[in-house]
Structure formats: structure tokens, C-alpha cells
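First to last, the protein sequences are chains C and B.
Under the working numbering, think of the first position of the first sequence as 1, with each following residue one higher.
Under the working numbering, think of the first position of the second sequence as 480, with each following residue one higher.
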Amino acid sequence: MSETPFEYAPAPESADIANLRPAYQMFVDGKFVDGAGEPMKTVNPATEEVLAEVSTAAASDVDRAVRAARRAYDRVWSRMPGAERAKYLFRIARLVQERSRELAVLETLDNGKPIRESRDADLPTVAAHFFHHAGWADKLDYAGYGPDPQPLGVAAQVIPWNFPLLMLAWKIAPALACGNTVVLKPAETTPLTALVFAEICQQAELPPGVVNIVTGAGEVGAELVAHDGVDKVAFTGSTEVGKQIQRALAGTGRRLGLELGGKAANIVFDDAPLDQAVEGVVNGIFFNQGHVCCAGSRLLVQESVAEELVSRLRDRIGTLRIGDPLDKNTDVGAINSRAQLDRITELADSGDAEGASRWTSPCPVPERGYFFAPTVFSDVQQSMRIAREEIFGPVLSVLTFRTPEEAIAKANNTPYGLSAGIWTEKGSRILWAASRVRAGVVWANTFNRFDPTAPFGGYQESGFGREGGRAGLEAYLNV
Amino acid sequence: MSDRLAVAKTYKLYIGGKFPRSESGRVYRVNDAKGGFLANAPQGSRKDLREAVTAARKAFPGWSGATAYNRGQVLYRIAEMLEGRREQFVAEVTSAEGVPGKRAQALVDQAIDRWVWYAGWTDKLATVLGAANPVAGPYFSFTVPEPTGVVGVLAPQDSSLLGLVSTVAPVIAAGNTAVVVASRERPLPAISLSEVLGTSDLPGGVVNLVTGNAVELAPWLAAHADVNAVDLVGAPEILGAELERAAAGTVKRVFGAGRAGQEPDWTRPPGMERLRAFLEHKTVWHPQGV
Numbered sequence: 001m002s003e004t005p006f007e008y009a010p011a012p013e014s015a016d017i018a019n020l021r022p023a024y025q026m027f028v029d030g031k032f033v034d035g036a037g038e039p040m041k042t043v044n045p046a047t048e049e050v051l052a053e054v055s056t057a058a059a060s061d062v063d064r065a066v067r068a069a070r071r072a073y074d075r076v077w078s079r080m081p082g083a084e085r086a087k088y089l090f091r092i093a094r095l096v097q098e099r100s101r102e103l104a105v106l107e108t109l110d111n112g113k114p115i116r117e118s119r120d121a122d123l124p125t126v127a128a129h130f131f132h133h134a135g136w137a138d139k140l141d142y143a144g145y146g147p148d149p150q151p152l153g154v155a156a157q158v159i160p161w162n163f164p165l166l167m168l169a170w171k172i173a174p175a176l177a178c179g180n181t182v183v184l185k186p187a188e189t190t191p192l193t194a195l196v197f198a199e200i201c202q203q204a205e206l207p208p209g210v211v212n213i214v215t216g217a218g219e220v221g222a223e224l225v226a227h228d229g230v231d232k233v234a235f236t237g238s239t240e241v242g243k244q245i246q247r248a249l250a251g252t253g254r255r256l257g258l259e260l261g262g263k264a265a266n267i268v269f270d271d272a273p274l275d276q277a278v279e280g281v282v283n284g285i286f287f288n289q290g291h292v293c294c295a296g297s298r299l300l301v302q303e304s305v306a307e308e309l310v311s312r313l314r315d316r317i318g319t320l321r322i323g324d325p326l327d328k329n330t331d332v333g334a335i336n337s338r339a340q341l342d343r344i345t346e347l348a349d350s351g352d353a354e355g356a357s358r359w360t361s362p363c364p365v366p367e368r369g370y371f372f373a374p375t376v377f378s379d380v381q382q383s384m385r386i387a388r389e390e391i392f393g394p395v396l397s398v399l400t401f402r403t404p405e406e407a408i409a410k411a412n413n414t415p416y417g418l419s420a421g422i423w424t425e426k427g428s429r430i431l432w433a434a435s436r437v438r439a440g441v442v443w444a445n446t447f448n449r450f451d452p453t454a455p456f457g458g459y460q461e462s463g464f465g466r467e468g469g470r471a472g473l474e475a476y477l478n479v
Numbered sequence: 480m481s482d483r484l485a486v487a488k489t490y491k492l493y494i495g496g497k498f499p500r501s502e503s504g505r506v507y508r509v510n511d512a513k514g515g516f517l518a519n520a521p522q523g524s525r526k527d528l529r530e531a532v533t534a535a536r537k538a539f540p541g542w543s544g545a546t547a548y549n550r551g552q553v554l555y556r557i558a559e560m561l562e563g564r565r566e567q568f569v570a571e572v573t574s575a576e577g578v579p580g581k582r583a584q585a586l587v588d589q590a591i592d593r594w595v596w597y598a599g600w601t602d603k604l605a606t607v608l609g610a611a612n613p614v615a616g617p618y619f620s621f622t623v624p625e626p627t628g629v630v631g632v633l634a635p636q637d638s639s640l641l642g643l644v645s646t647v648a649p650v651i652a653a654g655n656t657a658v659v660v661a662s663r664e665r666p667l668p669a670i671s672l673s674e675v676l677g678t679s680d681l682p683g684g685v686v687n688l689v690t691g692n693a694v695e696l697a698p699w700l701a702a703h704a705d706v707n708a709v710d711l712v713g714a715p716e717i718l719g720a721e722l723e724r725a726a727a728g729t730v731k732r733v734f735g736a737g738r739a740g741q742e743p744d745w746t747r748p749p750g751m752e753r754l755r756a757f758l759e760h761k762t763v764w765h766p767q768g769v
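Set out below in C-alpha cells:
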């Protein structure tokens, strides 16, 4: 029998849609301004080419932004009826929808994630988040925190590079809905969509100072969260930095919300629908190159089905296409930065050194750009670094268990507690396991689902406070 | 006046359902509000505190896994037993806080009523704080509150019973287990409360009470890796920031951040603040389909 060789035909999205400009400015008090910091260059991780130059903030700029946010809070935003705030947020939601293709392409250029994900996951969820919270702005009396709950004031928000615009939405939408004003710092390596979002704020005629975006590296974030003029700090990022922030705020009485790292267990029981489980496990660890705090990075599989599951996983992972993030066929895009690629490489090497068995997808990997082929470690012991530390990359560690009790014990054997997955056909077992895993989000027979109505956040060292739903409002109300 | 000599009580710690002395062998003198000798109380050590955390952790799966109805019944039973010891608590609060008898009576009554109030919360928390999330997709998604874990309570220094009850009851009503450092100057009502707990249906280890000096004990509690949250209301004010920094080492939830040692007016209705402070939200998703 002869095989018909089909040649691969890429389906690239046009980079022109991003309307990329050579230089971007920070956004303070309703205006685009140059910061006094050293301008930085942001790089397309898929090509290692410079995308644009971005101005950055010095301490004086952070101060100016916080003052602008305070003025806007005192004079305008905290006095505005909720119904009016709502309409601004609805406007923003619509503008995001209108410009979603542009933002998706820009996000993919700056972050390296596949266009399929930025287009179909990130951007729709961003718009949904603004749309959902818009409706809360004039209904806070019904949120269950007593009559007339008050905002906190000025919120300092620092977000990571893995879902740049989505994390911005998770931070800004509830803050504004509850009547706070914000100063947000996007990640050093992914500032562009936040700065286009600032343009959307202008188009929505949002009063100056309600949203301020300052750019730069970690020291700008440190300056911002420690500023005396802020009432609330919200941070999404690593547990290490989260602890530093919690320490820095000690004794100040400033409110703090932390959404930190994770090392989620994805538990596959022997009666699980294996084909579905394979899809879920693949989505759980390779979605967004594994740059997901709630990624299912520890696969816990019942011993009796381990061999079969791992073999099916390899078959499936082998079909994942890694490469140009703008290609609509691409499943796994670029690692966001050289530094992150180095970290993933180092942790994966520790897996070899500690005796785990490495399998790497045979898929072709581009020669240029920051890429890491999907990798699965089996024979992993709980003491190994690849089972304990957050890798934040496309690397899956496979561990086995014999009894359901053992699965739960292993799943909970971590200082983290952000998410977990459960795969079984048995309803009672799902509910049993879901109530025993110490994690803020549990996906049963699915993984990586997000919705503005569903609270998201961690137990233990994965942070505190929730984002989304009624519970998420608490983070921005003085209750 | 009877010339019978009263039988004096030896005051002890309460750890894991038992009443041990401090392993350190230390005691300190407890005076009444006028400076007269009341009793010797054990001066708990770092090791006592660690034993207490171990006991609280061991009790957590059982207590957090009990039905809310069961927890409510157990807590209500404690209120019943407090009521039976009302006169004893009035006498202890009078001498501890130096308030007139009438005032002490009102404080004790309010403490008992508050315990009843929290007992009734156990099976309403999920209704009030949980949610069925209307997600945009073919999934059933719900959110339920779950207890945070082991909670370290630095009990109020001034309000020896009402303040103590107002901090301990919400912690265990929500399904957490507690390690309590009692008021240094006014520990006797706390020790008597632990005797009530010890003879109630509350499983051993759900509440553990250590008397002694919060200045000495609080830093260990705030830094302990197996403690999930701390209430700083009875912390030495001067240590507030240091305790918060220690708590950051394992990302503990801190209640009373920035206002360590500041006691509210305990006679005011408490609201849900302390219940919410020691609860996590868990969101569960499952697909819908045929």
C-alpha cells in the first residue's frame, strides 16, 4: 500500500494585524508618557528579534502614577455611581472584542504563545472578564458583604508574562468594578498588550488616572507594591516573589492578594476514560507551553493503567506541532524568554541526574527562537526536584499510585495548592477526591477551564484571595 | 462563714484533648486585677507549642471532614456546658478583668450567646459563601468554602472570655483546628474554657490551648510551617510586623495584619469577618454531556 505524502502547509496569521509600532510609552494619568527609566527592548521569543522599544518607569514615575490614581479615586471614581462605572467597563469589554484580533496577534508576537490560544482562549476570556465585572459595579449591595460595601482605594497590581492581557483583565476588571483605581505593571518581557489596552481606556473615555500602566522590570514592581500611597497590592507570579511582597507589606495594614505558583496533580484512576484523559493531560501540561501556574505538571496514574496511559500519551504528544506561534496549526509555541528556557532546561537536566527517565517528543523544533520540545519524565519519585518544583514549561512528571488514598496523599504532598485534576468515570469517586485534594480549583474529567464567574486561587503557598465570581470581589472591597 | 478550706485547682495546658503541664516545668504567677495571688499557670514553651500544632494537624482531617450538622451539634453542646458553669466564669472574669459582678455576668452571658451564634453557622457557610457558577460552557462548576487548616490564635490580652470565645469559635465553626495562646495576664477563664472543651464532645486536638507569654510564643507560632493562618488580635503590638514577616515564610493567612494587638469592642455583633478569614474557596468543574 502506498502512502500519499502530504506536505505540511503552514497557515500563518499576518503579523501586520498587530499594528506593531517601533516604540511604546507608559500610560499615566490618561496620557502616554516616556518614563525616566532606561528604555527596554521587548523581543519576539519565536524569532529572538526585537519587536519594539518600550519606555520604563523610574521611582519618580511610579510615584506620579500612584498620585494620579489617588486623585482619580478621590475626585472621580469613588464618587461615581456604580451604574456609570459599569458603563465604562462595558465599553472596555466591547472595545476589547472589537480589537481582539489585533490584540491576539500582538500577544502572540510578544509572548510566543500559539495564535490559536491567544485568539480562542486569552482574548475571549479577557472580554468576558470585563463584561462580567461591569455588571457587578452597580450590584455590590447584593454581593453578600453587607449594604454599601466600600472600595479600598488605590490598587497596585503586578502581573506575569504567561497570560499578559488576561492577567491584566483579572486584576483591572474587579478593581474598577468595586470602585478602586489602579496602577498596573505588566511583566518586563510582555508589556505590549497592556499598553494597547491603555489606548482602549482612552477610546472608552475612561477618566484620566483610573488606570495607569507603568513598565519595567522587577524593581519597578517592588517600588510600586511598597509605595506608601497604595491601599491594596495584588500580585500574580512566583511563590518566591509573593513571599517577598508579603514580607515587604508586613505591618503596613495594606491589603494583599497573592496568586502564586503551583505543582498540580492530575490524577488518573484505573477506570478513567483514557482517550479523554490523554487529551486532558496533554492540555493540562502543554497548554501555553506549560507556562501556567495551574498546569497539571504531576501526572499521578494508577499503576494498573500506567503503562497504557503513558504509551498513548507519547503517541498523542508526538503529533503536537511545535513552531511558529503565528501558524494557526501550531500547538506548542515559543518559551517566553531565554531566562525561562534556561530554567526549564536546568530543571529537566536535574530529572536526568536524579534518575528519572526522559522522553522527548520527536517533533521538529525550530532552530531559531526559544523552544523546548514536549517532554515526559517517568519513574519519577516524589523527592525529585521535577516532582516538587514548579518548572513552568512543557515538562510532565509521571508518578504512580495503587490506592485512591495514596493518590490523595501524593497529590497533597506539596506546599502548593492551586489546582488538581481528577479522571474517573465514577461520580462518587470524583466528589470524594475533589473534597480531599487541598487545592483551590479542581477539574474533574476536564482541565484548564477558566471563567469570570468561577473563583480562582490557591491554598497554602499558592497564595490567598480569589479572582472571579462573587468571592473575587472581596479582594477589592473594604469588608 | 465556712471554715472549710477550699480545694485549689492546678491549672494546666490543653493539648490533644489532654491536660499536661508545660514540658518546661515553668509556671508563672497569675494575679487578680488588684494584684492579689490567684494561681500559678503553666508557662508554655516552644516545645509545648509544637506539640499543640502536631495535635491540631492530627485532628484536622476528622474535624474538617465531619458533617457541618455534626460540628454544629458539638459546638452547641459546648454552649450548654458553658451555661452550666456560668457562675464559675462570672467569678473568674470578675477577678481577671476587675469588672463589677453585673458587668462580668453580662460578658459571660454574651460569650455563651456568641458561642451559640457561631454553632449555628456551621451548616450555613456553604450556602452563604458557596456558589453554582454560571460558566459560559457545557460544564457544571461550583464553589464551596473549605477550612484553611491549622489556625494559630493569639487570643485577646484584655477580654479574657468574650474575646477568647469570639476568636476561637469562628475558627472551629468553619472546620479549622486551633492552637490558642491565651491572655498572659488573664489566662484562668481560658483554662476553664479548655476544661469545658475537654469534657464536651469536641474531639481532642481541635482546640489546643497554651498559656504563657505571647512575646515568647508568638514568633514560633507565626513561623511554624504547619500552621496555615494566624489571628494577631492578641499579639504584642510591637511584634506585629515581625510576626507578619515570619508568617510570609509559608504564605500564611494573617488576620489583623497591620493592627496586631488592637482589640475591637467585643460586645458588638462580630459579623462574618473571622469566619471568612479562615476559609478557602474551592472551585470544582465537571463537563456536562450524554
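Cβ coordinates follow ideal geometry from the N, Cα and C atoms, glycine included.
Can you pull the chain B neighbours of residue i, defined as C-beta to C-beta under 9 Å?
{"i": "L260 of chain C", "result": "V730"}
{"i": "G229 of chain C", "result": "Residues of chain B passing the Cβ test: none, with the nearest at roughly 16 Å."}
{"i": "I430 of chain C", "result": "V763 and H765"}
{"i": "R298 of chain C", "result": "By Cβ distance, chain B contributes nothing, its closest Cβ being about 19 Å from R298 of chain C, past 9 Å."}
{"i": "P415 of chain C", "result": "A704, T729 and V730"}
Is the Cβ of residue i closer than 8 Å to any Cβ of chain C?
{"i": "Y507 of chain B", "result": "no"}
{"i": "P698 of chain B", "result": "no"}
{"i": "K761 of chain B", "result": "yes"}
{"i": "Y618 of chain B", "result": "yes"}
{"i": "N612 of chain B", "result": "yes"}
{"i": "A720 of chain B", "result": "yes"}
{"i": "N707 of chain B", "result": "yes"}
Closer than 8 Å by beta-carbon distance: list the chain C residues that pair up with residue i, in chain order.
{"i": "W764 of chain B", "result": "V441, V442, W443, A444, T446, R449 and A454"}
{"i": "G737 of chain B", "result": "G251, T252, G253 and R254"}
{"i": "V622 of chain B", "result": "In the sequence on display, residue 622 of chain B carries Thr and not Val. Those are A454, P455, G469 and A471, listed as they occur along chain C."}
{"i": "A714 of chain B", "result": "Chain C residues near A714 of chain B: none, gap ~11 Å exceeds 8 Å."}
Return the CA-CA distance between residue i and residue j, expressed in angstroms with no decimal places.
{"i": "D138 of chain C", "j": "S100 of chain C", "result": "26 Å"}
{"i": "A661 of chain B", "j": "L643 of chain B", "result": "8 Å"}
{"i": "M167 of chain C", "j": "L718 of chain B", "result": "35 Å"}
{"i": "R593 of chain B", "j": "S645 of chain B", "result": "7 Å"}
{"i": "R70 of chain C", "j": "L152 of chain C", "result": "11 Å"}
{"i": "L528 of chain B", "j": "N413 of chain C", "result": "24 Å"}
{"i": "D224 of chain C", "j": "V62 of chain C", "result": "The identity of residue 224 of chain C in the sequence shown is Leu, whereas the question assumes Asp. L224 of chain C and V62 of chain C: Cα-Cα distance of roughly 6 Å."}
{"i": "A590 of chain B", "j": "N180 of chain C", "result": "37 Å"}
{"i": "N44 of chain C", "j": "P325 of chain C", "result": "10 Å"}
{"i": "E48 of chain C", "j": "G628 of chain B", "result": "46 Å"}
{"i": "K488 of chain B", "j": "N510 of chain B", "result": "15 Å"}
{"i": "V210 of chain C", "j": "L109 of chain C", "result": "28 Å"}
{"i": "E742 of chain B", "j": "G515 of chain B", "result": "25 Å"}
{"i": "M80 of chain C", "j": "E474 of chain C", "result": "20 Å"}
{"i": "W745 of chain B", "j": "P191 of chain C", "result": "48 Å"}
Find the residues of chain C that neighbour residue i, judging by a C-beta separation of less than 7 Å, and give them in chain order.
{"i": "E723 of chain B", "result": "A250 and G251"}
{"i": "V694 of chain B", "result": "Here the premise fails: no neighbours, minimum Cβ distance about 16 Å."}
{"i": "A615 of chain B", "result": "A128 and D451"}
Does any residue of chain B bring its CB to less than 8 Å from the CB of residue i?
{"i": "T239 of chain C", "result": "yes"}
{"i": "A475 of chain C", "result": "no"}
{"i": "F464 of chain C", "result": "yes"}
{"i": "Y459 of chain C", "result": "yes"}
{"i": "G221 of chain C", "result": "no"}
{"i": "P22 of chain C", "result": "no"}
{"i": "A234 of chain C", "result": "no"}
{"i": "A434 of chain C", "result": "yes"}
In chain B, what lies closer than 8 Å to residue i by C-beta?
{"i": "G242 of chain C", "result": "V730"}
In chain B, which residues lie less than 7 Å from residue i when you measure between Cβ atoms?
{"i": "G144 of chain C", "result": "V607"}
{"i": "Q246 of chain C", "result": "A727 and V730"}
Ranges of the alpha helix (DSSP H) found wholly within the segment 266-333 of chain C, counting only runs of at least 4: 274-286 and 303-318
List in chain order: all unbroken beta strand (DSSP E) runs of 3+ residues lying wholly within the segment 418-448 of chain C. 419-423 and 441-444
My parser needs the beta strand (DSSP E) runs of 3 or more residues fully inside the segment 164-234 of chain C; what are they? 181-185 and 211-213
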